[in-house]
Amino acid sequence: MFGKSVSVEQEMKKVDSEAISSIIDKSMTIAGELSFKGKTRIDGTIKGNIDGEHLILSETGKVIGDITVSSFNCYGTLEGNVKATMLNARKNCSIHGKLEANSLTVEPGASIQGEIKAAANNLKPEDTKAPVAIDVKTSASK
């Protein structure tokens, strides 16, 4: 989408095929900082900042805090800022905050409120100069 490079698509496939090493169950609520290596899925609630490699926020997952990861697949609810190399806002997710990503994909039905910085390939998200402030709510036709 919009000129994604082959290397980004290959990296996404590699991340998708990686095994999940940690799961925060939907019955769990964690208050505090979370740091991890590998791939983690959050089904529960995190109240605090997250720093790691590959994060999946499931449909039942909720994060209230900032996220800094290599890849972020958001199916759930985020109230906070994200810095990621690859960010996928999936159908029915809700993101309220500032997004910085080298590669950003937003599926129809995703809800995003906030500022978005999408960088060109090989740039760090914080290196972008011109932020775009938007309020986007996509919806799939029924």
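Quick note, the working numbering runs 14 ahead of the 1-based positions in the sequence shown.
Every residue, glycine too, gets a C-beta built ideally from N, C-alpha and C.
Cut-off 6 Å between Cβ atoms - residues of its own chain near residue i, not counting five sequence neighbours on either side
i	result
residue 42	58
residue 39	57 and 58
Residue i classed as buried or exposed, judged by whether at least 16 other C-beta atoms fall within 10 angstroms
i	result
residue 32	exposed
residue 124	buried
residue 114	buried
residue 27	exposed
residue 51	exposed
residue 46	exposed
Residue i versus residue j - alpha carbon distance
i	j	result
residue 67	residue 117	15 Å
residue 72	residue 89	5 Å
residue 92	residue 35	21 Å
residue 103	residue 121	6 Å
residue 112	residue 48	19 Å
residue 96	residue 82	6 Å
residue 70	residue 87	5 Å
residue 130	residue 54	24 Å
residue 24	residue 105	22 Å
residue 100	residue 94	17 Å
residue 119	residue 77	19 Å
Endpoints, beta strand (DSSP E) assigned at residue i
i	result
residue 66	That residue, residue 66, is in no beta strand (DSSP E); it is neither H nor E in DSSP.
residue 36	36 to 38
residue 128	125 to 132
Rounded distance between the beta-carbons of residue j and residue i, thought under 8 Å
i	j	result
residue 108	residue 98	Between residue 98 and residue 108 the Cβ distance is about 17 Å, and since that is not below 8 Å, they are no contact.
residue 79	residue 63	5 Å
Contacts around residue i, its chain only, beta-carbon distance under 8 Å, and the 5 residues preceding and following it disregarded
i	result
residue 44	38, 58, 59, 60, 61 and 62
Cβ neighbours of residue i in the same chain (closer than 7 Å, five flanking residues each side left out)
i	result
residue 65	49 and 82
Check: residue i C-beta below 8 Å from any heavy atom of the ligand GDP
i	result
residue 101	This structure does not include the ligand GDP; it has no bound ligands of any sort.
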